[in-house]
Amino acid sequence: MQWKIIHSVLVQHKDVSAVMATGYGKSLCYQYPAIYSNKPVVVISPLISLMEDQVMA
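Here the sequence shown stands for residues 1 to 57, numbered as in the UniProt record's numbering.
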């Protein structure tokens, strides 16, 4: 799934919204395009919800 997202961003020049569970490699999906293209990337993360989910797990 990560390479489909990265391909959409870098090759097809699409905006992407990816909702993935913990441990599915979200970081690669925004770090690689940012480094490769040398352009800004906007990441929105529901931090409080993520912290609560981690505590409950």
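Backbone N, C-alpha and C fix where the C-beta goes; we use that ideal spot for every residue, glycine too.
Fair warning: this is a prediction, and the values are worked out from it, not measured in the lab.
- Boundaries of the alpha helix (DSSP H) harbouring A34: K26 to S37, taken from the DSSP string.
- Rounded to the nearest angstrom, the Cβ distance from V41 to P33 is 6 angstroms, consistent with a contact under 8 angstroms.
- D15 carries a coil assignment under DSSP once its states are collapsed to helix, strand and coil.
- If you ignore the 5 residues before and after I6, its C-beta comes within less than 8 angstroms of the C-beta of L28, C29, Y32 and P33, all in its own chain and listed in chain order.
- If you draw a straight line from the Cα of D53 to the Cα of S8, it is about 29 angstroms long.
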